[in-house]
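Engineer: Can you keep this structure in mind? I'll have questions shortly.
Okay, structure coming up:
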C-alpha cells in the first residue's frame, strides 16, 4: 500500500535489516531502562523453533503470492486492454482488506458456512499411541497451510496490482517480437516475464518488510505457535523486553528472506540515497513496539503516523524529483520571469496536487494500519475519536463473546472490513488521480 515502487532496493539490504532490527531493539530497551542482558530471561523455550516456523510460513506465503500474482497479472495482459486496469483495482481492493478481517472471515466461514468442526481448523493433540505417521504428517501440513493461505490473500492482491501497474516500467517489445513472428505465449511468458522479474524482486523485498506484521495478526487468530503469536502476546501485555527480542529476531527473519529473494535473476540500477535507505526498514513493526511504551500512552498513534510517513518518503521524493526535472523552470527564467512568478505558475500547482495526493494516500494507509493496531491491542481504541473508534470497533475481537459471535456469523466483521477496504481504495484512487505525472 505504497506509492510508485522504488527504482531499486538499497545495497546490502539484508545487512541493513539485521543491523536495523538490533539497533531498534536496543533503543527500545534503553528508553525503557532495561539492558539487553535480560533477553535470556524473557525468551520463551523454543523461540528459535517458533522463528523457523514463522519463517517457513512467510516464505511459502510470499512464494504463493508471487506465483499467483504473476499468473493472474499476465493473463489479464493477454485479455482485453480494459482487463488490466480492472484486475489491478480488484487486486488493490483485496490488499486493502484488513488482515484481521481476512483471518476471522476464514475462521468463521470454515466453522460456519462450510460446516467443518473446529477440530479440523485447530487439530487437537492426540495421544502418542493413537498418532500414526500419516495423521501426524497431515496435521503438521495443515498447521502450516492454514496461516499460509490466509497470509497469501492480501499479499496476492499486492502482487496482482504490482504486476499490472509495473508493466509500464518495462520496455514494450510486443510490436518488434510480433514482426519477427514470435508466438503470443512466448512474447508474454518469456520476454515480458524476463523484464518483469527484476521489478517484481523489488516488490517482493518490500513485502518482506510488512508481511511479518500481517503474520502477527494471522498467527494470533489461528493460534499458530510461531514468532507472530508470541509477538501478539507481548504487544497486548506491553512486555518491552519481549518486544525488543521479537524486533531483533524479526529483523533477522526479514534479512534471510531478502537474501533469498536476491536469487531472482536480473537487477535494477538507480540512486537509492539516504531517504530510500531510511525508508527500507520495517517501520510498522517498530511502531507497534513503540506504541506499547508507557511514555507513549497518550501519544501512541504518533508512532504509527511517523511509520506511514517515513515508509513512503522515498517514493514521494522520487516522484517529485522526476516531475521537477521536467518543469519548464529554466525556460521561464531565460524569458525573464521572476522567481516568484516561476514558483506561482509552474512549481506551486504541482506541489499542491502532490500535497493533496499525499494526504489521501497517507490517510488510506493510516486507516488500514489503524485497524491492525487496534486488533492487536484493543486498548488503543480509547485513544481514537468516537467516529474512528466506532469504525474500528466491529473489526476488533478482544473477548470470548466477540469471538463466539464472529464464529457464528462473520458477516458483521466482513461488512466492517469491506467498508474499510472501500474507503482506503477510494482514497488511493483519488491520490492516483491527483498525483501529477512527468510528461
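In our numbering, the protein residues as written are 1085 to 1523. We put the beta carbon where it would ideally sit given N, CA and C, even for glycine. The model shown is predicted, which means the values in this text are computed figures rather than measured ones.
1. Could you compute how far the alpha carbon of residue 1322 sits from the alpha carbon of residue 1376?
2. Identify whether residue 1319 lies in helix, strand or coil by the three-state DSSP scheme.
3. List the whole-angstrom C-beta distance separating residue 1373 from residue 1139, where the pair is believed to meet the contact cut-off of C-beta under 8 Å.
4. Assuming residue 1146 and residue 1239 are in contact, meaning their beta carbons sit under 8 Å apart, how far apart are those beta carbons, in whole angstroms?
5. Got a sec, what are the start and stop residues for the alpha helix (DSSP H) residue 1065 sits in?
6. Between the region 1433-1440 and the region 1503-1510, do three or more beta carbon pairs fall short of 8 Å?
7. In the DSSP assignment, find the unbroken alpha helix (DSSP H) run with residue 1535 in it and report its ends.
8. Does residue 1421 come out as helix, strand or coil in the three-state DSSP assignment?
9. Work out the CA separation of residue 1417 and residue 1311 for me, nearest whole Å.
10. Over what stretch of residues does the alpha helix (DSSP H) that includes residue 1025 continue unbroken?
11. My understanding is that residue 1407 touches residue 1434, with C-beta atoms under 8 Å, so please give their C-beta distance in whole angstroms.
12. Do you know how far the Cα of residue 1477 is from the Cα of residue 1245?
13. On the criterion of 16 or more Cβ atoms from any shown chain inside 10 Å, does residue 1510 qualify as buried, or is it exposed?
14. Using the rule of at least 16 other Cβ atoms within 10 Å of the residue's Cβ for burial, across every protein chain shown, is residue 1306 buried or exposed?
15. Going by the CB atoms, is the gap between residue 1451 and residue 1458 shorter than 7 Å?
16. Among 1431, 1292, 1518, whose alpha-carbon lies nearest the alpha-carbon of residue 1405?
17. Using a Cβ-Cβ cut-off of 6 Å (strictly less than) and excluding sequence neighbours within five positions of residue 1167, which residues of its own chain qualify?
18. With a threshold of 6 Å on Cβ separation, who are the neighbours of residue 1491 within its own chain once the five nearest residues in sequence on each side are excluded?
19. Would residue 1104 be called buried (16 or more neighbouring beta carbons within 10 Å of its own) or exposed?
20. Decide if residue 1162 is buried, meaning its Cβ has at least 16 other Cβ atoms within 10 Å, or exposed.
21. Contact check, residue 1334 vs residue 1282 under 8 Å by CB: the rounded distance?
22. Relative to the alpha-carbon of residue 1403, which residue among 1420, 1221, 1519, 1277 has its alpha-carbon at the smallest distance?
23. Counting only the same chain and skipping the five closest in sequence on each side, list residues whose C-beta sits under 7 Å from that of residue 1336.
24. Alpha carbon to alpha carbon, how far is residue 1358 from residue 1225?
25. So, with DSSP's three-state summary, where would you put residue 1501?
26. So residue 1462 packs on residue 1480, CB below 8 Å; how close in whole Å?
27. Applying the 10 Å Cβ sphere with the 16-neighbour rule, what's the burial state of residue 1249?
28. Just curious, the alpha helix (DSSP H) that residue 1441 is in, first and last residue?
29. Do you know offhand how far residue 1507's Cα is from residue 1303's?
30. Name the two residues that bound the continuous alpha helix (DSSP H) containing residue 1250.
31. What number of angstroms, rounded off, separates the C-alpha of residue 1354 from the C-alpha of residue 1400?
Structural biologist: So, from the listed chains and residues:
1. By 1-based counting over the chain shown, the position of residue 1322 is 238. By 1-based counting over the chain shown, the position of residue 1376 is 292. So the two alpha carbons sit approximately 5 Å from each other.
2. Working through the chain shown from its first residue, we reach residue 1319 at position 235. The answer is helix: DSSP assigns residue 1319 an H, G or I state.
3. By 1-based counting over the chain shown, the position of residue 1373 is 289. By 1-based counting over the chain shown, the position of residue 1139 is 55. Wrong, their Cβ atoms sit about 19 Å apart, outside the cutoff.
4. Mapped onto the chain shown, residue 1146 falls at position 62. Mapped onto the chain shown, residue 1239 falls at position 155. Right, the Cβ-Cβ distance comes to about 6 Å (below 8 Å), so this counts as a contact.
5. As shown, the chain starts at 1085 and ends at 1523. That puts residue 1065 outside it, with no answer to give.
6. no
7. Since the first and last residues shown for the chain are 1085 and 1523, residue 1535 lies out of range.
8. Within the chain shown, residue 1421 is the residue found at index 337, counting from 1. Coil, per DSSP.
9. Here residue 1311 is taken as the residue at index 227 of the chain shown, counted from 1. Here residue 1417 is taken as the residue at index 333 of the chain shown, counted from 1. Their backbone Cα atoms lie some 58 Å apart in a straight line.
10. Residue 1025 is absent from the structure shown; the chain starts at 1085 and stops at 1523.
11. The residue labelled residue 1407 in the question sits at position 323 within the chain shown. The residue labelled residue 1434 in the question sits at position 350 within the chain shown. About 6 Å; that satisfies the 8 Å criterion.
12. Counting from one through the chain shown, the residue named residue 1245 turns up at place 161. Counting from one through the chain shown, the residue named residue 1477 turns up at place 393. Roughly 29 Å separates the two Cα atoms.
13. As a working mapping, residue 1510 is identified with position 426 in the chain shown. With fewer than 16 Cβ atoms within 10 Å of its Cβ, residue 1510 is classed as exposed.
14. As a first step, residue 1306 must be located in the chain shown, where it is residue number 222. The residue in question, residue 1306, is buried, as its Cβ has 16 or more Cβ neighbours within 10 Å.
15. Position 374 of the chain shown, counted from the start, is the residue given in the question as residue 1458. Position 367 of the chain shown, counted from the start, is the residue given in the question as residue 1451. Their beta carbons are not under 7 Å apart, which means residue 1458 does not touch residue 1451 by this criterion.
16. Looking up residue 1405 in the chain shown gives position 321. Comparing Cα positions, the closest option is 1431.
17. Taking the chain shown and counting its residues from 1, one reaches residue 1167 at position 83. Only 1160 meet the Cβ criterion.
18. Walking along the chain shown from the start, residue 1491 turns up at place 407. If we look at residue 1491 and ignore the five residues flanking it on each side, its Cβ neighbours are 1192, 1195.
19. Here residue 1104 refers to the residue found at position 20 when the chain shown is read from its first residue. Answer is buried; the Cβ neighbour count reaches 16.
20. Looking up residue 1162 in the chain shown gives position 78. Label assigned to residue 1162: exposed.
21. The count along the chain shown starts at 1 and reaches residue 1334 at position 250. The count along the chain shown starts at 1 and reaches residue 1282 at position 198. The Cβ separation is near 26 Å, so there is no contact.
22. Counted from its first residue, the chain shown places residue 1403 at position 319. Residue 1519 is the option with its Cα nearest to residue 1403.
23. Within the chain shown, the letter at position 252 stands for residue 1336. Cβ neighbours of residue 1336 beyond the five flanking positions: 1102, 1105.
24. Position 274 of the chain shown, counted from the first residue, corresponds to residue 1358. Position 141 of the chain shown, counted from the first residue, corresponds to residue 1225. Distance between the alpha carbons of residue 1358 and residue 1225: 43 Å.
25. Mapped onto the chain shown, residue 1501 falls at position 417. Here residue 1501 sits in helix by DSSP.
26. Here residue 1462 refers to the residue found at position 378 when the chain shown is read from its first residue. Here residue 1480 refers to the residue found at position 396 when the chain shown is read from its first residue. Beta-carbon to beta-carbon, residue 1462 and residue 1480 are separated by about 5 Å, close enough to satisfy the 8 Å threshold.
27. Against the chain shown, residue 1249 aligns to sequence position 165. Looking at its Cβ environment, which holds 16 or more other Cβ atoms inside 10 Å, residue 1249 is buried.
28. Within the chain shown, the letter at position 357 stands for residue 1441. Run containing residue 1441: 1432-1460, per the alpha helix (DSSP H) assignment.
29. Locating residue 1507 in the chain shown gives position 423, where the first residue counts as 1. Locating residue 1303 in the chain shown gives position 219, where the first residue counts as 1. Rounded to whole angstroms, residue 1507 to residue 1303 spans 26 Å at the Cα level.
30. One-based indexing of the chain shown puts residue 1250 at position 166. Looking at the DSSP string, residue 1250 is not in any alpha helix (DSSP H), and its letter there is neither H nor E.
31. Looking up residue 1354 in the chain shown gives position 270. Looking up residue 1400 in the chain shown gives position 316. Interpretation of residue 1354 is limited by its pLDDT of 49, a score under 50 that renders its predicted location unreliable; no figure is taken from the coordinates.
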